[in-house]
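Under our numbering, residues 23 to 142 are what the sequence shown spells out, in order. Note sheet for the following structure.
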Amino acid sequence: MELIFSKSLTKTDVQKRLSVPMTSLASLPDFEEGHTVGLRVRDARKGKVWKFKCSIRKKKHPKPVFCSKWLEYVRFNDLQVGDGIEFYKEMEEATGVNYYKIEVKKAVKIFGVIFGYVEA
């Protein structure tokens with residue numbers, strides 16, 4: 023299992039779209055001259071498979087984002103600013119097919135300050 027990225031969620035991430043670090047672009051599927059690609063992502067805790075759409079800009083600095091279905095995932099998991107996610111790429115041994123997995127880490131806050139994370 024390969025960790026592609028982990029991040030603490032921002033206001034934009036929970037209200038509009040998930041900004042994906044540029045360093046993760048090589049681990050995502052090939053965009054094949056387009057600017058969007060579909061991703062099947064399994065929720066590590068709940069097992070549900072989500073169909074996110076990943077988009078990049080058409081011109082310089084691709085800046086990948088998850089858009090389609092991402093906000094539905096945010097609401098389903100009650101994600102808030104400061105919560106964390108870890109995004110993985112894994113190969114299914116039986117089929118040899120790559121798939122993606124996401125883990126949610128809920129922020130533990132005391133008086134608005136994050137003291138750590140717990141698996142959700």
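Here a beta-carbon is modelled for each residue, glycine too, at the ideal position from N, C-alpha and C.
- Cβ-Cβ separation between R62 and K73: approximately 6 Å, consistent with a contact (criterion under 8 Å).
- Scanning its chain for C-beta atoms nearer than 6 Å, with the 5 sequence neighbours on each side dropped, one finds around T58 the residues K75, S77, in chain order.
- In this structure, the straight-line span from the alpha carbon of E141 to that of E54 is close to 35 Å.
- Going by C-alpha positions, S41 is about 16 Å away from K82.
- In the three-state reduction of the DSSP assignment, F98 falls in the helix class.
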